[in-house]
Each structure stands twice: as structure tokens, then as C-alpha cells.
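> Numbering (the numbering used here), first residue to last: 7 to 594.
Backbone N, C-alpha and C define an ideal beta-carbon position, used for all residues, glycine too.
#1: To the nearest angstrom, how far is it from the Cα of residue 26 to the Cα of residue 128?
#2: Tell me which same chain residues have a C-beta within less than 6 Å of the C-beta of residue 358, skipping the five on either side of it?
#3: Return the first residue and the last residue of the beta strand (DSSP E) that residue 446 is part of.
#4: My assumption, with CB atoms under 8 Å, is that residue 394 sits in contact with residue 333. Please give the rounded CB distance.
#5: Count the other C-beta atoms from every protein chain shown that fall within 10 angstroms of the C-beta of residue 106, then say buried if there are 16 or more, exposed otherwise.
#6: What did DSSP end up calling residue 97 once you bin it into helix, strand or coil?
#7: Is it true that the region 29–47 meets the region 554–568, where meeting means three or more beta-carbon pairs spaced less than 8 Å apart?
#8: Write down every uninterrupted run of the beta strand (DSSP E) in the region 470–538 whose length is 3 residues or greater and which is fully enclosed by it, in chain order.
#9: Measure the Cβ-Cβ separation of residue 483 and residue 530 and say whether it is below 9 Å.
#10: What did DSSP end up calling residue 103 once you bin it into helix, strand or coil?
#11: So the beta strand (DSSP E) residue 402 belongs to, where does it begin and stop?
#12: If you drop the 5 nearest sequence neighbours on each side, which residues of the same chain put their C-beta closer than 6 Å to that of residue 228?
#13: Tell me where the beta strand (DSSP E) around residue 339 begins and ends.
#14: Hey, how far is the Cα of residue 287 from the Cα of residue 324?
#15: Which same chain residues end up closer than 8 Å to residue 456 when comparing Cβ atoms and leaving out the 5 residues on each side of it in sequence?
#16: Take residue 342 as the anchor and find which of 431, 310, 319 and 327 has the nearest alpha-carbon.
#17: For the region 296–377, which segments carrying the beta strand (DSSP E) assignment without a break, of at least 3 residues, lie completely within its bounds, in sequence order?
#18: From residue 125 to residue 114, what distance separates their C-alpha atoms?
#19: Any idea what DSSP makes of residue 48, helix, strand or coil?
#20: In chain order, what residues of the same chain have a beta carbon less than 6 Å from the beta carbon of residue 103, not counting five sequence neighbours either side?
#21: When DSSP labels each residue in this structure, what does residue 11 get in the three-state scheme?
#22: Leaving aside the five residues before and after residue 181 along the sequence, list all residues of the same chain whose C-beta is less than 6 Å from its C-beta, in chain order.
#23: Note down the Cα distance separating residue 487 from residue 87, rounded to an integer number of angstroms.
#24: Pairs of beta-carbons, one from the region 456–476 and one from the region 487–506, closer than 8 Å: are there three or more?
#25: Using three-state DSSP, classify residue 177 as helix, strand or coil.
#26: Return the bridge partner residues of residue 462 from the DSSP annotation.
#27: Quick one: what does DSSP say residue 30 is sitting in, helix, strand or coil?
#28: On a Cα-Cα basis, can you pick out the residue from 372, 376 and 570 that is closest to residue 429?
#29: Buried or exposed: which applies to residue 53, given that a residue is buried once 16 or more other Cβ atoms fall within 10 Å of its Cβ?
#30: Indicate the three-state DSSP secondary structure (helix, strand or coil) for residue 589 in the structure shown.
#31: Using the Cα positions of residue 298 and residue 307, report the straight-line distance between them to the nearest angstrom.
#32: Any idea which residues DSSP pairs residue 294 with across the strands?
#33: Out of curiosity, what's the CA-to-CA distance linking residue 116 and residue 557?
#34: Assuming contact is defined by CB atoms lying nearer than 9 Å, are residue 407 and residue 378 in contact in what I supplied?
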């Protein structure tokens with residue numbers, strides 16, 4: 007006679023919880039969606055992280071949802087019977103899928119409808135996972151007499167998830183065959199050498215271990231809260247107690263994430279505030295910030311600002327390339343730490359323009375930086391070569407952290423840029439007409455966001471006419487981000503913000519229509535596969551405009567990829583990070 011398998015009591019208690027089993031099933035079937043192609047290839051390491059994060063999220067949400075359903079299926083202080091579990095699971099599946107189907111036609115236009123549809127899908131999947139767990143428990147433990155353990159609880163849960171994974175992969179292959187593959191050589195995950203694959207495998211194992219630790223930790227925390235509740239009430243809290251406990255743990259996880267992000271921002275900001283050994287001393291040129299004629303503190307402009315003023319081209323460098331006489335270009339950085347007040351920082355920036363000779367040049371470029379205070383030096387140098395040094399590039403800094411951490415500071419950036427433009431316009435108005443420089447604005451990525459939305463005046467007139475009123479002759483906006491208010495309005499109704507038709511968008515600079523000599527416009531360059539322009543926070547629950555029916559998708563967007571709440575958002579976030587990871591001198 008075979009000896010029965012010995013199982014630790016804590017394993018039995020943990021694995022026997024149907025919420026855990028439902029969560030494991032949800033985590034298992036979420037893996038298939040993470041293997042879909044995105045806008046850009048992911049590294050093996052990124053794929054491992056994406057899979058771990060998505061699986062973790064689906065575990066927690068599915069476990070919590072099934073706890074809620076069990077609470078509905080049971081009396082206070084009791085656990086649901088098999089019949090009650092199956093009935094509530096069937097109702098959840100039917101109701102959830104009906105809600106998803108009803109909201110699907112308007113989900114792309116209505117965030118509440120999209121959220122309702124996502125909730126419906128989640129409830130339906132939780133019903134499927136929890137109902138399957140109840141049936142597995144009845145079959146393996148009550149009918150066959152097997153004791154609860156990993157082999158009789160979580161293994162069936164994984165099998166349930168694997169069945170859904172197989173169906174999802176088959177359907178994606180069918181869509182690819184039907185609609186064709188856009189750029190078939192572009193895979194979901196980039197190829198890598200053996201070392202990278204070993205690292206990815208290690209990270210995958212670490213993600214799995216981390217997920218397991220999180221599941222155990224979540225369960226221990228929830229059970230601890232249940233025991234506290236039962237002790238306080240003097241009786242078993244039942245399924246309702248489980249629901250409240252899982253919900254409390256989920257809320258604590260969200261709060262911890264917010265606090266962690268705030269601390270990360272503070273750490274990164276302090277890390278950037280260093281003086282690099284290669285750039286230890288202020289510049290000696292009188293035509294740049296922190297130079298002999300400038301009052302702008304060298305320490306106020308961060309690492310990127312110090313690099314920018316010290317790398318200004320000399321006249322002889324320009325002449326060596328163009329073969330023409332040249333003058334010293336002006337570079338001004340409005341240091342983020344020069345003043346805590348935006349208005350005062352703008353005033354100091356305009357004064358530094360005066361001190362460094364910016365108004366003595368024929369072209370003034372307001373270079374709106376990214377969050378870290380960086381303005382692309384290749385753009386600045388191109389302008390300096392093309393003008394023979396007869397230009398001034400002005401960089402007003404609104405933050406000193408990476409763009410992903412500076413999203414809450416763009417309003418300050420817009421106000422700062424607007425005030426600098428106003429000061430520049432007013433100064434130019436005092437000059438003789440023949441000596442007045444032309445003013446342009448250039449922004450890349452988050453700088454394009456701030457640059458365009460400078461024209462969106464709170465409570466006042468908005469749009470390109472504001473740029474004209476500020477004295478801006480034209481602008482260049484590279485990689486316009488998804489969150490740019492003016493761009494989003496312009497896509498839906500161009501005349502609302504650009505009645506004169508001065509704003510143009512192209513996917514490739516080679517497609518820019520020619521202009522008569524002396525004329526200027528506002529040009530946006532947005533690539534079809536640029537994740538910076540296609541990301542969106544609403545992708546957690548809502549399909550974006552570019553993931554509609556396969557035949558309507560922009561070029562380079564995979565047609566076989568299906569929108570999946572949460573999963574598509576995580577993959578788009580990785581695409582966004584890859585899209586922002588540009589290297590000077592490297593062009594895609």
C-alpha cells in the first residue's frame with residue numbers, strides 16, 4: 007500500500023484557500039498576453055519583468071475578485087457550498103461577459119464604459135477560476151479522497167490557466183494569419199547572446215520566486231487580518247472577512263507603491279546634483295551661462311545643464327565644418343535651482359540672455375528640455391552650424407529628474423517657458439525693427455509636450471495663435487508625447503487650436519512639404535511606431551485609438567496583437583522606456 011504524501015500544515019492551509027487557487031489560475035493565464043508583440047522589441051530581461059508584473063497583478067485582482075464572489079455566495083460567518091460556488095461562478099461569467107460585450111462598442115470613446123468592461127472581464131475570469139477551483143476541490147478531495155496540498159490545489163489551478171493560455175496563443179496565431187504580420191522580422195523579444203539569456207532566465211526565476219513570496223505574503227497578511235477580525239468579533243468572519251482582508255492588503259500595496267515612487271524621485275534628484283570630474287569648472291566663454299558675464303550659478307543647472315554650456319561650439323570649430331566665417335553662439339540655461347519661484351527663474355533666464363548677448367543674434371531658439379534638464383546637443387550644434395554661430399539657444403529648466411518622474415512638473419515647465427517667451431518678446435519690442443531676431447521653439451519628447459502646451463493658457467485663449475502672440479515664428483516638436491493637450495485636441499479637431507493651418511504632422515522628416523523662403527511653421531515629427539506618442543494611462547482599462555480594428559491601425563502597429571487590460575499597459579510602459587532610451591548620434 008502506497009504511503010500517503012506528507013504535507014506541511016501551512017502549505018495545506020495556504021493552498022487550500024480558493025482565493026489563492028483562483029489567483030494562481032489568473033496569474034497563469036495572464037502569461038500568454040505578455041508574449042504579444044509591442045511597438046518595439048523587448049529585451050529578455052524586460053520580458054521577464056513584464057511577465058512577473060502582469061502575473062502578480064492578475065493574481066491579486068483575481069484572488070480579491072473571487073473573495074468578493076464567495077462573500078456573495080455564503081451566509082455571514084460561513085463558507086460557500088459547492089453548489090453556491092458554482093452558481094455564483096456561472097452568474098459571474100455570464101454577467102461579466104455580458105457587461106464586456108455591451109460596453110465594447112463604446113469602450114474606446116468612453117473611459118467609464120471601458121472600466122466597466124474591464125471589470126466585467128475580471129469578474130468573469132474570476133468566476134471561471136474560482137468555479138474551477140471549487141470543482142477541482144470536489145473531485146480531488148471529496149470524491150477521490152485526496153488530502154489538500156499543492157498537487158491537489160495549485161497544480162489544477164495552473165492547469166486551468168494553461169488551458170486558457172493555449173486558447174489565447176491559438177487565437178493570436180489565427181489573427182496573424184488572417185491580417186498578416188507587420189514587419190515579421192520584428193519579434194516580441196530581441197535576440198540575445200548566451201550571457202543575456204542566462205541573466206534573463208535568472209531574472210525569470212527571481213520573478214517567479216518573488217511572485218510566490220508575494221502570494222504567500224499576501225495570504226499570510228490577509229489571514230492575519232482575518233484572525234484579528236475574528237478575535238475582535240468573537241466569531242468566524244467567513245467569506246466576507248476574507249474579502250475585506252484581501253481588499254485591505256491590495257490597498258496597502260497601492261499605498262506602498264505611491265510612497266516608493268515619491269522616495270525614488272527624491273533620490274534621483276539628489277543623484278543628479280553632482281559636479282562631474284570632466285566638467286569641474288564654470289565656462290570661460292562670455293557668451294554662455296555661468297561664464298564671466300553671467301550671473302547664473304554654475305551649480306544651479308544640474309549635470310546636463312553644466313555639460314550644455316561647456317560644450318558650446320567655438321567659431322573656429324564651426325568654420326572648420328562650414329568653411330565660412332563664424333561667430334560665437336550663445337547658450338543660456340535657466341538653472342532649475344537658480345530660484346524656487348517659476349516667475350523669478352524666468353526673469354533670471356531672460357536677464358542671462360541679455361548678459362550673454364542672446365539678443366545680438368539673428369535667431370533665438372527656446373530649447374525646451376526633457377525632465378532631467380537635458381536639451382539635445384546635436385540639435386543645438388546643427389543650429390549653430392547652419393547659422394554660422396549667429397544664434398542663441400535658451401534652455402529653461404523645470405525639473406532635474408528623468409522625464410518619467412517629471413510628469414507632474416510639466417505645468418511648471420509650460421508656465422516657465424511662457425514667461426521666458428513673454429520676456430523675450432517684450433525685450434525684442436524695444437529693439438530697432440531691422441535688428442530684431444526671430445524666435446523659434448524646439449522640444450523633444452517631454453520637451454515637445456511642454457513646448458506645445460505652452461500655447462494652452464489656463465482660463466484663456468489657447469492654440470497656435472498664442473504662439474504667434476508670444477512672438478514665436480515657428481517650432482519643431484520631435485516625438486510628441488501622448489499626454490500633450492494641444493496635440494490631442496488637434497488630432498480630433500485641428501481648427502480648434504490651429505485655425506490658420508500652421509501646425510503640420512509627419513511620420514518622417516523626408517515627408518515635410520516645402521515652404522517658400524523666409525516662411526516658418528510649427529512641425530511635429532511623430533513616428534508611426536513611436537511609443538512616446540501612443541502610451542496612455544487609460545490603457546490600464548481602455549483600448550487606445552491605435553489598437554482598434556486591424557485594418558484601421560497605423561503602419562508598424564502589430565495587427566495580430568489584441569488589447570488586454572493591464573497587460574497591454576505594462577507592455578506599452580516597457581515600449582515607452584525603450585522609446586525614451588535614445589543615444590546621441592543614433593537614429594532609428
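On the basis of the supplied data:
#1: 16 Å
#2: 295, 300, 302 and 338
#3: 444–450
#4: 7 Å
#5: buried
#6: helix
#7: yes
#8: 478–484, 509–512 and 528–531
#9: yes
#10: helix
#11: 397–402
#12: 251, 252 and 255
#13: 336–340
#14: 24 Å
#15: 374, 404, 416, 419, 420, 423 and 449
#16: 310
#17: 336–340 and 369–374
#18: 15 Å
#19: strand
#20: 130
#21: Per-residue confidence for residue 11 stands at a pLDDT of 49, beneath the threshold of 50, marking its modelled position as unreliable; the derived number appears in the next sentence. Here residue 11 sits in coil by DSSP.
#22: 566
#23: 52 Å
#24: yes
#25: helix
#26: 468
#27: helix
#28: 372
#29: buried
#30: Confidence in residue 589 is poor, its pLDDT being 49 and thus under 50, which makes the residue's placement too unreliable to answer from.
#31: 16 Å
#32: 337
#33: 22 Å
#34: yes
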